[in-house]
Amino acid sequence: MVRRLSGLNLIECIKVCLINLLSFKNMDDCDSCKNIDQNKIKPAHSKIWWLVFALLLIVPLEILSFFSVDLGLWLKLPFFIAIIFIFGRKIMVSGFKNLLKFNFSDINLLMSIAIIGAIVLQKFEEASIIVVLFGLGEALEEYGIKRSHLALEKLINNSPKTAELKSGNIKVAIEKVKVGEIIIIRPGDKIGLDGEVVYGDSLVDQSMITGEPLPKSKMIGDKVYAGSINNGGYLEVKVLKEAKNSTLNKIVQLTSEAAKKKADSQKFIEKFARYYTPAVTFIALALFIIPVLFFNGSAQFWLIQSLTLLLISCPCALVISTPISVFSALGNASQKGVLIKGGKVIENLSQIKEIGFDKTKTLTVGKPEVTNIIPFNGFTKEEVLSCSAGLGEFSEHPLSQSVVEMAKEEGIDIHKFNNFESIQGQGVLGDCTVCTDTRHCLGKIGMLENQFNGVNFNKLMENEKNELEGEGKTVIFLGDSKQIKGMIALSDKIKSDSKLVIDKLQKLNIGCYMVTGDNDGAAQYVAKALNISEIYSEKLPEDKADIIVDKSKQNIKVAMVGDGINDAPSLASANVGIAMGSLGSDVAIESADVALMNDDLKMIPYLIELSRKTVAKIKFNTYFALSTKFVFLALAVAGLSNLSLAIFADVGVTLLVVLNGLSLYRFKAS
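Residue numbers (numbering that gives the first Met the number 0): 0 to 669.
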């Protein structure tokens, strides 16, 4: 992101703001609060400090009362009534409405009963504390949720609203800019639309989308993306997508949708709370009625215990335990250029036992270099390269692009082709306008044999092929209906961090295997270098998906890492599909469960650790909230609790749950 979101230390913030409050200083003096978008959290922030102020007025009165210093009811009563009216009005109105609807699962109804009960008992201090601390708990929840959504808000707010058109040098709303128009990007400008540089060169900061700290060099022909910042020279950019279809807009839409997709644990807790609250109301009623009617108990004493039970049973902390953790984890990931599509995906990631990796562009750099051109049947290297490059121009496969690139570097005239056809995982076909026998094929030897029955793949060719593949190279063949014209060997470098990542995953008890469409020799070469023992080579996209399905039948939770386009079937079949290098690829962003905006393989172990940490936080928050409530429920039933202690405990649990969930913003992989 343009400016990294720092995790807000809420306790430090409260301490600083409290000092400011007591010193009659402005709340804006708190540095922690300055680091976040005040417009988004100001209502909750303001509410918290008004409630803290009210609490600071109530607590001294409680302390005086404890030491038997009575200021007189009529002196204190107007103050308590004002507190109850100002901060408890909405609670009481909501509770009354839900009572009329017989909705006994509403939290406000529980609090309303407790407040009214305290007033009936003339426990005005307790009634005021209930109102203030319950309001404080709700405000902390609201603050925490809004704080956890700030990563998405940052994406939205940092996207420019206008663009400068070259024609007329006028600024217009980005929604009005059409595909094909040229926009001007001056030094320091934010780029408003996805496009291609047609003039100039510069360094562009893409950290808002990819999370990469260093700016990228951009020159003519390079792609730039909305939300990036031009840190260097003057650029002219041809718009490739409308504003609504930009990569940034797609990320914002999917991140927003991801926040709405609830984890299974969240669904369970919400369902549990719907039955839990009415049940607690019934128990509280029984706690009052049974001792009074059947055991001649004190009505006032058991009413207090009943109200105490209602207060401590408030499920606020329980309900917020999952979303606060999930939203914080999503925000942490988005800062690193990782788009996770919801809490369900985080839960699935935490359960992954094996990860399958595609080879090309995932474990390897994805920019293969031509190392050998071997002509057959009287053809020259130049003829093989010119014809192969002609077919390669129609394909986006890295192997084809490398052949085209070499032909251009060598200054060789590239043959023109018509009637192009691509067979996924096999190769490409086309009619050459230069060669006498027009129909040509570039790809695996098996494809040539299937397309042209007359080709002769002899022992010499096979030996050459096996020798090159033994060196870890990928071999493709060029041929027509009569003969094989030549073969081209390409080598792709292993990414510098691939070994480190595989080792890290294995330390996390994650099994790693490689599944690739490349030949067995090249696959074995890479696997040996990375210490991967399970290899599936020469697999078509549908074969890769079948491998994933077979593992799922063995009850193995599997993730698949690929490029999101060629590996779409296997990504869809896995428990979690992770698309690498998704920047600019709508297909990858939409098809995968997790989309990495960059090619940083280190994000894979990071995702595993983040997901495990998130689920651990959710479990801790849930068990902590439940256990605390059960302890105080037992105390209330035993007649050993009171209203003030119950509400302090409830707010304390809520505060700890919020802080624990928000700590995921600062999570860093080991």
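Just so it is clear, CB atoms sit at the ideal spot from N, CA and C, and this is done for glycine as well.
Query raised in the report: Quick one: Cα of THR653 to Cα of ALA113, how far?
Result: Here the question's residue 653 lines up with position 654 in the sequence shown. Here the question's residue 113 lines up with position 114 in the sequence shown. Distance between the alpha carbons of THR653 and ALA113 is about 18 Å.
Query raised in the report: Does DSSP classify ASN659 as helix, strand or coil?
Result: Reading the sequence shown from its first residue, position 660 is the one you call residue 659. Helix, per DSSP.
**Report entry** Bridge partner(s) assigned by DSSP for LYS170
**Finding:** Position 171 of the sequence shown, counting from 1, holds the residue named residue 170. Answer by DSSP bridge pairing, in chain order: GLU163.
Query - Reference GLY202; option with closest CA among MET218, ASP193, LEU192 - result: As a position in the sequence shown, residue 202 is number 203, starting the count at 1. Residue 202 is actually Leu in this sequence, not Gly. Cα-wise, what sits closest to LEU202 is MET218.
Query raised in the report: How would you label PRO397, buried or exposed, when you count the other beta carbons within 10 angstroms and need 16 or more for buried?
Result: Here residue 397 is taken as the residue at index 398 of the sequence shown, counted from 1. By the 10 Å Cβ count, PRO397 comes out buried.
Query raised in the report: Apart from the five residues just before and just after ASP598, which ones in its own chain have a Cβ nearer than 6 Å to its Cβ?
Result: Here residue 598 corresponds to residue number 599 of the sequence shown, with the count starting at 1. Excluding residues within five positions, the ones whose Cβ falls inside 6 Å are MET579, GLY580.
Query raised in the report: Are LEU247 and ASP200 closer than 9 Å when you measure CB to CB?
Result: In the sequence shown, counting from the first residue as 1, residue 247 sits at position 248. In the sequence shown, counting from the first residue as 1, residue 200 sits at position 201. For LEU247 and ASP200, no; Cβs fall outside 9 Å.
Report task. Grab the span of the alpha helix (DSSP H) containing THR621 for me, first residue to last. Result -> Stepping through the sequence shown from its first residue, residue 621 is reached at position 622. For THR621, the enclosing alpha helix (DSSP H) stretches over residues 602-636.
Query - Other residues of its chain near ALA172: CB distance less than 7 Å, five sequence neighbours each side excluded - result: Here residue 172 refers to the residue found at position 173 of the sequence shown. Exclusion of the five residues before and after ALA172 leaves LYS160, THR161 as the residues of its chain whose Cβ lies within less than 7 Å of its Cβ.
**Report entry** Stretch-stretch touch, CB-based, cutoff 8 Å, three pairs: the stretch 404-418 with the stretch 344-363
**Finding:** Contact fails: fewer than three Cβ-Cβ distances are below 8 Å.
Report task. Return the residue from the list ILE115, GLY576, VAL279 that minimises the CA-CA distance to LYS343. Result -> The sequence position of residue 343 within the sequence shown is 344, counting from 1. Distances from the alpha-carbon of LYS343 to those of ILE115, GLY576, VAL279 put GLY576 closest.
Query raised in the report: Going by other Cβ atoms of all chains shown within 10 Å of its Cβ, with 16 needed for buried, is TYR224 buried or exposed?
Result: Taking the first residue of the sequence shown as position 1, residue 224 is located at position 225. Flag for TYR224 reads buried.
Query - Presumed contact (8 Å Cβ cut-off) between THR621 and ILE345, rounded CB distance - result: Taking the first residue of the sequence shown as 1, we reach residue 621 at position 622. Taking the first residue of the sequence shown as 1, we reach residue 345 at position 346. In fact, because the Cβ distance is near 15 Å, the residues do not count as touching under 8 Å.
Query raised in the report: Which same chain residues, not among the five before or five after SER305, have their C-beta less than 6 Å away from its C-beta?
Result: Residue 305 sits at position 306 when you count from the first residue of the sequence shown. For SER305, same chain residues with a beta-carbon under 6 Å away, outside a window of 5 residues either side, are ALA283, LEU286, PHE287 in chain order.
Query raised in the report: Between ILE183, THR432, PHE78, ARG273, which lies nearest to LYS237 when the distance is taken from Cα to Cα?
Result: In the sequence shown, counting from the first residue as 1, residue 237 sits at position 238. Of the candidates ILE183, THR432, PHE78, ARG273, the one whose C-alpha sits nearest the C-alpha of LYS237 is ILE183.
Query raised in the report: DSSP on LYS685, reduced to helix/strand/coil?
Result: Outside the shown range of the chain, which is 0 to 669, sits residue 685, and nothing can be said about it.
Requested in this report: Verify whether the separation of the beta carbon atoms of ILE181 and ILE208 is less than 9 Å.
Outcome: Working through the sequence shown from its first residue, we reach residue 181 at position 182. Working through the sequence shown from its first residue, we reach residue 208 at position 209. Going by C-beta atoms, ILE181 is not nearer than 9 Å to ILE208.
Query raised in the report: Below 9 Å between beta carbons: does that hold for LEU310 and ILE646?
Result: Here the question's residue 310 lines up with position 311 in the sequence shown. Here the question's residue 646 lines up with position 647 in the sequence shown. Yes, the Cβ-Cβ distance between LEU310 and ILE646 is below 9 Å.
Report task. With a threshold of 16 other CB atoms inside 10 Å of the CB of PRO290, please say whether the residue is buried or exposed. Result -> As a first step, residue 290 is located in the sequence shown; it is residue number 291 there, counting from the start. Taking all protein chains shown into account, PRO290 has 16 or more neighbouring C-beta atoms within 10 Å of its C-beta and is therefore buried.
Query raised in the report: So, is CYS29 buried or exposed, given that buried needs 16 or more other C-beta atoms within 10 angstroms?
Result: Residue 29 sits at position 30 when you count from the first residue of the sequence shown. Only weak support exists for where CYS29 lies, its pLDDT of 42 falling under 50; the value from the coordinates is given anyway. Its Cβ being crowded by 16 or more others within 10 Å, CYS29 is buried.
Query - Identity of the residues DSSP links to MET559 by a beta bridge - result: For the purposes of this step, residue 559 is taken as the residue at position 560 of the sequence shown. Within the DSSP secondary-structure output, MET559 pairs in a beta bridge with GLY355, GLY576.
Query raised in the report: Can the beta-carbon of LEU387 be found less than 9 Å from the beta-carbon of ILE475?
Result: Position 388 of the sequence shown, counted from the start, is the residue given in the question as residue 387. Position 476 of the sequence shown, counted from the start, is the residue given in the question as residue 475. The question names Leu, yet the displayed sequence has Ser at residue 387. With a cutoff of 9 Å on beta-carbon distance, SER387 and ILE475 are scored as near each other.
Query - DSSP bridge partner residues for THR280 (one or two, in chain order) - result: If you number the sequence shown from 1, residue 280 lands on position 281. In the DSSP assignment, THR280 is bridged to no other residue.
Query raised in the report: Based on the DSSP secondary-structure assignment, which residues constitute the bridge partners of SER513?
Result: Locating residue 513 in the sequence shown gives position 514, counting from the first residue. First, the residue type needs correcting, since residue 513 is Met and not Ser in the sequence shown. MET513 pairs with PHE356, ILE534.
Query raised in the report: For SER324 versus GLY651, is the C-beta spacing smaller than 9 Å?
Result: Residue numbering aside, residue 324 sits at position 325 when the sequence shown is read from its first letter. Residue numbering aside, residue 651 sits at position 652 when the sequence shown is read from its first letter. With contacts defined as CB atoms closer than 9 Å, SER324 and GLY651 fail to qualify as a contacting pair.
Report task. With a 10 Å radius around its C-beta and 16 neighbouring C-beta atoms as the bar for buried, classify PRO367 as buried or exposed. Result -> On the sequence shown, position 368 is the one that residue 367 refers to. Buried, by the Cβ-count rule.
Query raised in the report: Counting along the chain, where does the beta strand (DSSP E) carrying ASN508 start and finish?
Result: Counting from one through the sequence shown, the residue named residue 508 turns up at place 509. ASN508 -> no beta strand (DSSP E), and no H or E assigned at all.
Query raised in the report: Looking only at DSSP bridge pairs, what is ALA594 linked to?
Result: What you label residue 594 is simply residue 595 of the sequence shown in a count that begins at 1. Beta-bridge pairing links ALA594 to LEU338, ALA578.
Requested in this report: Measure from the alpha carbon of PHE79 to the alpha carbon of each residue in ILE493, VAL176, GLU125, LYS538, then state which is nearest.
Outcome: Position 80 of the sequence shown, counted from the start, is the residue given in the question as residue 79. Nearest to PHE79 by C-alpha distance, out of ILE493, VAL176, GLU125, LYS538, is GLU125.
Query raised in the report: Does the beta-carbon distance from ALA242 to GLY191 come in below 9 Å?
Result: One-based indexing of the sequence shown puts residue 242 at position 243. One-based indexing of the sequence shown puts residue 191 at position 192. Yes, these two residues count as a Cβ contact at 9 Å.
Query raised in the report: Which of the three DSSP states, helix, strand or coil, is assigned to ALA81?
Result: To locate residue 81, count along the sequence shown from 1; it is residue 82. Note: ALA81 maps to helix in three-state DSSP.
Report task. Can you tell me which of THR515, GLY471, LEU632, LEU663 puts its alpha carbon nearest to the alpha carbon of ALA521? Result -> As a first step, residue 521 must be located in the sequence shown, where it is residue number 522. Of the candidates THR515, GLY471, LEU632, LEU663, the residue whose Cα lies closest to the Cα of ALA521 is GLY471.
Report task. Please name the residue in MET602, ASN455, LYS443, GLY485 whose C-alpha comes closest to that of GLN423. Result -> Along the sequence shown, read from residue 1 onward, the residue named residue 423 stands at position 424. Comparing Cα positions, the closest option is LYS443.
Query - THR515 burial status per 10 Å Cβ neighbour count (16 or more: buried) - result: Within the sequence shown, residue 515 is the residue found at index 516, counting from 1. When all chains shown are included, THR515 counts as buried.
Report task. Helix, strand or coil for PHE476, going by three-state DSSP, please let me know. Result -> The residue given as residue 476 occupies position 477 in the sequence shown. Per DSSP, reduced to three states, the secondary structure at PHE476 is strand.
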